[in-house]
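See structure below.
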Amino acid sequence: MVRVHLALAAALALIANCASAFTVGTPDGLAAGATGGANGKTVYPTSNSELVSYLSSSDPLVIVLNKTFDFRGTEGTVTETGCRPDYTRECMAKNNGYKSQDVIIQGGNMATTGGCTGGTKVKVTYDKAALKRMTVLGNKTIRGIGKSGVIKGKGLTLAGDNIIVQNIHITELNHHLVWGGDAIYMQGTNGGSTAMKKIWLDHIKISKVGRQFITTNKASTDSMTISNSDFDGNTDYSASC
């Protein structure tokens, strides 16, 4: 009977530690003490819809990514009038292989669209999925396994406290266009009036974005640590020569 009790205790300990095992290390700096979803279940999304559902769940979760989640083409594409600013036209005139990063017009008004200085009209085509990020609520760990945790064509909006994002790659967000998509966006909770706490971004890679790698707005966060991460600016398109 003693052996049975010991075996059961060991099994329960293994289950309890399973979630935390997917977070490697602990954060230093302002995000010290972040635990993410360590007190919740460990889940393995197998589809885009499952990933979206887990990220927006109110439950604490460790969300393990062991595949590529490709959102490109899932919400359609748009072709409309965009802007080609004067400074990219000057670069193109040099005939040195430069590709202009054209601009998605905001609110239908070229004159008030950022990045559209001295713009002329040009047709732009973009993937809609990248303009609508996935919402990540609090007490979540998002952890990629090896090089498998890749998200293509859609970024993340962090909207809660105690979030760990570790070892994932976000890429392919309409990188040929200004305003094509942010990889990670934070504006705080309660409509942006309250700063988020304990946000840890670790060993993440971001590449080929149409706007910002990481962007903040309003209250944003007052305790974030970014560590050991790769912000890859290599691109075929640029807003300057």
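Numbering (mature numbering (1 follows the signal peptide of the UniProt record, and there is no 0)) for the sequence shown: -21 to -1, 1 to 220. Ideal Cβ placement from N, Cα and C applies to all residues, glycine included.
Can you name, in chain order, every residue of its own chain whose Cβ lies under 6 Å from the Cβ of residue i, other than the five neighbours on each side?
{"i": "residue 217", "result": "80"}
{"i": "residue 70", "result": "77, 220"}
{"i": "residue 123", "result": "44, 146, 147"}
{"i": "residue 196", "result": "166"}
Just the C-alpha distance for residue i and residue j, rounded to the nearest angstrom, thanks.
{"i": "residue 23", "j": "residue 41", "result": "9 Å"}
{"i": "residue 162", "j": "residue 155", "result": "15 Å"}
{"i": "residue 175", "j": "residue 198", "result": "8 Å"}
{"i": "residue 203", "j": "residue 82", "result": "31 Å"}
{"i": "residue 4", "j": "residue 177", "result": "15 Å"}
{"i": "residue 206", "j": "residue 10", "result": "11 Å"}
{"i": "residue 12", "j": "residue 31", "result": "26 Å"}
Using a Cβ-Cβ cut-off of 7 Å (strictly less than) and excluding sequence neighbours within five positions of residue i, which residues of its own chain qualify?
{"i": "residue 56", "result": "104, 105, 106, 107"}
{"i": "residue 132", "result": "49, 50, 51, 106, 108, 109, 151, 152"}
Do residue i and residue j have their C-beta atoms within less than 8 Å of each other?
{"i": "residue 184", "j": "residue 201", "result": "no"}
{"i": "residue 159", "j": "residue 109", "result": "yes"}
{"i": "residue 65", "j": "residue 25", "result": "no"}
{"i": "residue 143", "j": "residue 130", "result": "no"}
Can you list, in chain order, the residues of its chain with a C-beta nearer than 8 Å to that of residue i? Leave out the 5 residues immediately preceding and following it.
{"i": "residue 34", "result": "42, 113, 114, 115, 116, 119, 121, 135"}
{"i": "residue 222", "result": "Look at the range of the chain in this structure, -21 to 220, and you will see that residue 222 is not part of it."}
{"i": "residue -1", "result": "In this prediction, residue -1 has a pLDDT of 46, which is less than 50 and means its spatial position is unreliable; what the coordinates show is noted afterwards. There are no such residues."}
Consider the Cβ of residue i: report whether some Cβ of chain C lies at a distance smaller than 8 Å.
{"i": "residue 38", "result": "Of the chains in the structure shown, none is chain C; there is only one protein chain."}
Among the options, which has the Cα closest to the Cα of residue i?
{"i": "residue 17", "options": "123, 69, 38", "result": "38"}
{"i": "residue 6", "options": "28, 182, 170, 190", "result": "182"}
{"i": "residue 193", "options": "157, 179, 165, 90", "result": "165"}
{"i": "residue 8", "options": "74, 171, 179", "result": "179"}
State the beta-bridge partners of residue i as determined by DSSP.
{"i": "residue 22", "result": "42"}
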